[in-house]
Amino acid sequence: MPNLILISGDKKPISTGDGSISFYNLTYKQAYHAKSIGTFTESLHKFVIPSEIVEKLKKGHVRLLDICLGIGANLAVTFHEIEKLGIPKEHRLQIVSLEKDHSLVQLIQRTSTLSPPDGYRILRRLLYEGTCGRYGLDVMYGDAVNSLDRLQAPFDAVYFDPFSKRKNAEMWTESVFRNLHRILKDDGKVVTYSCARGVREDMKKAGFAVSDIPRLPDGFQSGTVAMKN
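Per full-length UniProt numbering: the sequence shown = residues 1 to 229.
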């Protein structure tokens, strides 16, 4: 990691199990991804695949809510997977991303070793211009709970990826999940890395049916898929 030796603000670079780079947040005392399995692998198997976002885009326009942007791996891997396929260019992916830490955008823009490179090229342009080919991105900065209250248009998928309930309890509440239920399309999916019993119980109280994320690499703890009952 020749250009990732120094800590960036409160973010410390780490190498993860599949060779891709992530960061450890010194304020929250938690990494943005599971170090054991790897940044790319976690984003692919806990967000992109179970959300079925690529399959949805094959059929037409898709709206994605990304909570939270973090170091952008979930979006970069999404772009990487989409670009591998011959999906018609007129099928657009419009993204709303919620994030309160402005410094993460600068980190993404200046860290050239983030993977996948093609996905991050698209993400960097989106962060700079707001559009790139079929993709559009609107980043809403500030408290994510308050930002959710302002969202109205329905979404096809939600990447729910805040820090853990132990570190970021205000994001893992029945009230937040009710807001997600409100803005999710009837056939949409909320996907998250957490499989905690308390999280799933609050999701059920908010009106979701929950299940394990399938097709995980060996030994990788499952996440959760939530759909409207």
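For each residue, glycine too, the CB sits at the ideal point set by N, CA and C. These figures come from a predicted structure and were not determined experimentally.
- At the C-beta level, Glu99 and Tyr141 come within 9 Å of one another.
- Counting every other CB atom within 10 Å of its CB across the protein chains shown gives His45 a total of 16 or more, marking it as buried.
- Put simply, of Leu26, Val225, Leu75 the residue whose alpha carbon is nearest the alpha carbon of Asp138 is Leu75.
- Counting along the chain, the unbroken beta strand (DSSP E) around Ser211 starts and ends at 208-212.
- With fewer than 16 other Cβ atoms from the protein chains shown falling within 10 Å of its own Cβ, Asp149 counts as exposed.
- His33 and Thr39 do touch by the CB rule: their CB atoms are close to 4 Å apart, below 8 Å.
- Between the alpha carbons of Pro214 and Phe47 lies a distance of about 11 Å.
- Put simply, of Val190, Ile183, Val62, Gly9 the residue whose alpha carbon is nearest the alpha carbon of Ser211 is Val190.
- Below 8 Å, enough C-beta pairs join the segment 192-210 and the segment 168-182 to call them touching: three or more.
- Around the CB of Pro117, fewer than 16 other CB atoms lie within 10 Å, so the residue is classed as exposed.
- Close CB contacts of Gly130 within its chain, under the 8 Å cut and outside five residues either way in sequence, are with Gly136, Leu137, Asp138 (chain order).
- 9 Å or more divides the Cβ of Asp156 from the Cβ of Thr192.
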